[in-house]
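Letter 75 of the sequence shown, counting from 1, is numbered 261 in the numbering used here, and no numbers are missing.
Virtual Cβ for every residue (Gly too), placed ideally from N, Cα, C.
Right, one structure below, let's go through it.
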Amino acid sequence: GMSICFSDYIIGANTANNDMPLLGNGYVWVSLFYALFLMMLTDRWFIAAALTFLVMAGASFIGLIHAAKLNFKYSDKGTIIGSEQVVPDVEGMPGWKFILTYLMSATLCIGFHFAQKAGYIDEPEKEDFRELQEKEFSDLNCTAPKETNITTELQ
187 GMSICFSDYI
197 IGANTANNDM
207 PLLGNGYVWV
217 SLFYALFLMM
227 LTDRWFIAAA
237 LTFLVMAGAS
247 FIGLIHAAKL
257 NFKYSDKGTI
267 IGSEQVVPDV
277 EGMPGWKFIL
287 TYLMSATLCI
297 GFHFAQKAGY
307 IDEPEKEDFR
317 ELQEKEFSDL
327 NCTAPKETNI
337 TTELQ
């Protein structure tokens, strides 16, 4: 997800790639959300992934991600006003196409959740890294080292 931060360097100095601005605009949020939904899908936590997609749809609606400017006003073609030049000659980008994509992804995750409950998909990972980390740190003996006097050790 953090490679989005370096999108200018990934595509090269004089290479034209019209898709990178869509990931570069709001890259901190894009990388956070993409990393979050990929973690949830990897662990088969489909409801959490669906909620992430719903938040992403809302963030796309106001232009927090993918758009050049925050705005909730749209042109007659479904593009966020002020962000028409992000992808020239393509209508609805950024705009309704991202919102629809994230809503459909949330719907798909909810379908996966019901398929999981019916036994068609493996259960979600039961391990929670926070619990494992808490157990690991509670098992450590976290006492501070004793202070020593250098002059007595040298004698």
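Asked	Found
Can you tell me where the alpha helix (DSSP H) with E317 in it begins and where it stops?	F315 to D325
Compute the distance between the beta-carbons of I296 and F232, then report whether it is under 9 Å.	yes
Can you look up I267 in the DSSP assignment and give me helix, strand or coil?	coil
Spatial neighbours of A235 within its chain, please: C-beta separation below 6 Å, excluding the five flanking residues on both sides.	F223, M226, L227 and C295
Over what stretch of residues does the alpha helix (DSSP H) that includes F258 continue unbroken?	Element bounds for F258: n/a, residue is neither H nor E.
Count the other CB atoms, across all protein chains shown, that sit within 10 Å of the CB of I266; report buried if there are 16 or more and exposed otherwise.	buried
State whether the region 305–314 contacts the region 277–284, with contact taken as three or more CB pairs (one from each stretch) at a distance under 8 Å.	no
For the putative contact between W215 and L250, defined by C-beta atoms under 8 Å, what is the C-beta separation to the nearest angstrom?	6 Å
Do you know whose CA, among K263, K259 and S291, lies nearest Y238's CA?	The sequence given here has Thr at residue 238, not Tyr. Ranking K263, K259 and S291 by Cα distance to T238 puts S291 first.
Taking the alpha helix (DSSP H) that A235 falls in, what are its first and last residues?	F232 to I248
Out of curiosity, what's the CA-to-CA distance linking D325 and F219?	33 Å
Can A253 and G264 be called in contact, C-beta distance under 9 Å?	no
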